[in-house]
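Worksheet: the structure to be examined is printed underneath.
Chains as they are written, first to last, in our numbering: chain A, 75 to 311; chain B, 211 to 459.
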């Protein structure tokens, strides 16, 4: 194999500059997916352990479907299903403009719905690991159920589930590559969207090597960040 | 002050409370004794709304928590139940301190969040309660850094910070060795001296004899005897004697 680009500083610089335009869109998918899927996952988990069957059953079914089918298929399916619909004001409100905003939003929403199912199971384990006495102590002190959940239980839950969350974050970083199956507007192209174009334009796989390095660095940062968060919760046992 | 009448509670087919009645007056210390499974802890938990009774009446200070309508307990509306919650304090066998908060934070949590007390006032009060239980120098410690006895004293201080009218203890020393038991009982003795109204589920017979104004002996989900300690410990009831002195008939 020949490294035509890596041996030519100017070509390499140009390639890096081009690929760099895909960095922020990739990070954006990661960040927005986490921001949406964690709260949703917590809500699903709370519903999953609720005493009401009308909440429990649909959530279990939802989690089963999401976890049993491929994310790429879910993404393609939702994308083509929704894009076949008449663009109503409601769809406009949720997905924005059909051409410019819908593809990227569809990606982020589907990623969030997908990851929320995994987070729900993780948080369910976390909720169940909290000793019943914590909830009882909060109750007899007069805290409401909501106060008890957010002030007493949730901080402890995060500590328990953080290692599992780290795992999911790392997987999500890699899963951003699945976004490539959807064509997005120019300013939303992920690093893989950009790289693929370059691979065919330059007739070289060298862009992919740079993408590999990007994911290594991205996940390196994510892992270190998670470690910091874990350490920040180590002050108690 | 507290009136419980004919309280029934079962878990599935198992009857745990089979018509328990108890009256507690202001400034009284009542010890609940009895074998394991006699229902005394469950009864205490019903008083604190941690369990729902099946039927029966519970009143506190003229407020009704629940009463029997058509043989089933009907609970008051939630605002009233909350008022009752705030008048009751509870100390658990397993302390149940909040592990992610230090001692001071454990003590100010409920005053801040529930009573909306200003922070500096809550801290001042917390320190006062900590000095009462002899742990003023431990306010920055986390629960995992405390001995069982210290943790239980913090739990008592935490309950006191909400100024309950009745403080309930659910086997407060059962998880502690004899030495640590002593330091917790000493704090409870002080509270009794300060005329705190207390209901104590305990296996500490000596404590019940010395500190309680009344001792209630429960067995099989019923109150067998309810008398001042000197009477109860001299009881002629064979079931009471069997429990206290291990006598066989």
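No residue lacks a Cβ here, since even glycine has one placed at the ideal position from N, Cα and C.
Note that the coordinates shown come from a computational prediction; the quantities given were computed from them, not determined experimentally.
Can you check DSSP and say which residues form a bridge with residue i?
i, result
"residue 244 of chain A", "None; residue 244 of chain A has no bridge partner."
"residue 241 of chain B", "B:410 and B:425"
"residue 285 of chain B", "B:276"
"residue 77 of chain A", "Partner(s): none; residue 77 of chain A has no beta bridge."
"residue 220 of chain B", "B:225"
"residue 166 of chain B", "Any property of residue 166 of chain B remains undetermined from this structure, which presents chain B solely from 211 to 459."
Just to confirm the assignment, what range does the alpha helix (DSSP H) spanning residue i have?
i, result
"residue 294 of chain A", "280–306"
"residue 266 of chain A", "265–276"
"residue 278 of chain B", "Here residue 278 of chain B belongs to no alpha helix (DSSP H); instead the beta strand (DSSP E) covers 273–279."
"residue 313 of chain B", "313–323"
"residue 452 of chain B", "448–455"
"residue 203 of chain A", "176–203"
"residue 166 of chain A", "163–169"
"residue 133 of chain A", "127–142"
"residue 338 of chain B", "329–342"
"residue 211 of chain A", "206–214"
"residue 392 of chain B", "388–403"
"residue 383 of chain B", "No alpha helix (DSSP H) contains residue 383 of chain B, which DSSP labels as neither H nor E."
"residue 154 of chain A", "145–157"
"residue 250 of chain B", "250–257"
Over the uninterrupted beta strand (DSSP E) stretch that includes residue i, give me the two end residues.
i, result
"residue 270 of chain B", "265–270"
"residue 298 of chain B", "298–301"
"residue 229 of chain B", "224–234"
"residue 371 of chain B", "Per DSSP, residue 371 of chain B belongs to no beta strand (DSSP E) and is neither H nor E."
"residue 435 of chain B", "432–437"
"residue 376 of chain B", "376–380"
"residue 119 of chain A", "Run containing residue 119 of chain A: none in the beta strand (DSSP E); it sits in the alpha helix (DSSP H), 97–122."
Does the Cβ of residue i have 16 or more other Cβ atoms within 10 Å, making it buried, or fewer, making it exposed?
i, result
"residue 247 of chain B", "exposed"
"residue 123 of chain A", "exposed"
"residue 360 of chain B", "buried"
"residue 396 of chain B", "exposed"
"residue 402 of chain B", "buried"
"residue 109 of chain A", "exposed"
"residue 76 of chain A", "exposed"
"residue 162 of chain A", "exposed"
"residue 212 of chain A", "buried"
"residue 252 of chain B", "buried"
"residue 288 of chain A", "buried"
State yes or no: is the beta carbon of residue i nearer than 9 Å to at least one beta carbon in chain B?
i, result
"residue 304 of chain A", "no"
"residue 125 of chain A", "no"
"residue 214 of chain A", "yes"
"residue 217 of chain A", "yes"
"residue 207 of chain A", "yes"
"residue 210 of chain A", "yes"
"residue 229 of chain A", "yes"
"residue 236 of chain A", "no"
"residue 320 of chain A", "The requested residue 320 of chain A does not occur in the structure, where chain A is confined to residues 75 to 311."
Measure from the C-beta of residue i to each C-beta in chain A and report whether the shortest distance is under 9 Å.
i, result
"residue 258 of chain B", "yes"
"residue 328 of chain B", "no"
"residue 363 of chain B", "no"
"residue 338 of chain B", "no"
"residue 214 of chain B", "no"
"residue 306 of chain B", "yes"
"residue 369 of chain B", "yes"
"residue 161 of chain B", "Residue 161 of chain B cannot be examined here, being either before or after the span of chain B that is shown, 211 to 459."
"residue 208 of chain B", "Chain B is shown only over 211 to 459; residue 208 of chain B falls outside these bounds and no answer can be derived."
Could you check how far apart the C-beta atoms of residue i and residue j are, in whole angstroms? I think they sit under 8 Å.
i, j, result
"residue 214 of chain A", "residue 300 of chain B", "4 Å"
"residue 317 of chain B", "residue 367 of chain B", "6 Å"
"residue 314 of chain B", "residue 287 of chain B", "Wrong, their Cβ atoms sit about 35 Å apart, outside the cutoff."
Taking Cβ-Cβ distances shorter than 7 Å, what residues in chain D pair up with residue i?
i, result
"residue 320 of chain B", "No chain D is present in this structure, whose protein chains are A and B."
Should residue i be listed as close to the ligand FAD, given that the test is whether its C-beta is under 8 Å from any heavy atom?
i, result
"residue 99 of chain A", "You won't find the ligand FAD in this model; it holds no ligand whatsoever."
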